[in-house]
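For reference, the structure is listed below as structure tokens.
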Amino acid sequence: RALQGAPDRPDVVGFIFFTPIVPSGDAFEERASALLALPAHCQVLVVTGSKDKDNLAGLREVARRMACSPQIHVVEGGEHNPFESVPHGEMEGKNARTRAVLQRFVNQLPSSEPERHGDHAAP
Numbered sequence: 001r002a003l004q005g006a007p008d009r010p011d012v013v014g015f016i017f018f019t020p021i022v023p024s025g026d027a028f029e030e031r032a033s034a035l036l037a038l039p040a041h042c043q044v045l046v047v048t049g050s051k052d053k054d055n056l057a058g059l060r061e062v063a064r065r066m067a068c069s070p071q072i073h074v075v076e077g078g079e080h081n082p083f084e085s086v087p088h089g090e091m092e093g094k095n096a097r098t099r100a101v102l103q104r105f106v107n108q109l110p111s112s113e114p115e116r117h118g119d120h121a122a123p
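Counting in our numbering, the sequence shown runs from 1 upward without gaps.
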């Protein structure tokens, strides 16, 4: 549902998804079609777990068909929820790596702030 109307909104420049976004079964084509409708200018980051093999395979299949080029960050040891089943002792390191990936993704997005001329915002 978050994608409804996004292809028609030039102010929407990016999405971050925590899977599952492309499940198998009946919902696959519905969710895949929403992702395939995203325009080439849209930035997409998907965070998924390495143990969710079906979702990861479906995601990679859809990613190859998308107009934009989604980034996929795989949390090793994570399941459906990328952070499930990650041993507690490894969680801090995985969280730090994932935070760094998220921060880089957000930092590279085009700014949504109004263009400024002098001290005043552009009309």
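Positions of the beta carbon are idealized from the N, C-alpha and C atoms, including for glycine.
Residue i - containing beta strand (DSSP E), residue span
i: Gly49; result: Gln43 to Gly49
Buried versus exposed, by CB contacts within 10 Å (16 or more), residue i
i: Gln108; result: exposed
i: Val75; result: buried
i: Val106; result: exposed
i: Pro10; result: exposed
N-terminal and C-terminal residue of the alpha helix (DSSP H) that residue i is part of
i: Val62; result: Lys53 to Arg65
Residues of its chain near residue i, where Cβ-Cβ distance is below 6 Å and the 5 sequence neighbours each way are ignored
i: Ile16; result: Leu45
Backbone secondary structure at residue i - three-state DSSP
i: Val13; result: coil
i: His73; result: strand
i: His88; result: helix
i: Leu38; result: coil
Beta-bridge partners of residue i, as assigned by DSSP
i: Phe18; result: Val47
Residues near residue i by beta carbon distance below 8 Å, same chain, minus five either side
i: Cys68; result: Leu38, Pro39, Ala40, His41, Cys42, Gln43 and Val44
Same chain, Cβ closer than 7 Å to residue i, neighbours up to 5 away in sequence not counted
i: Ser33; result: none
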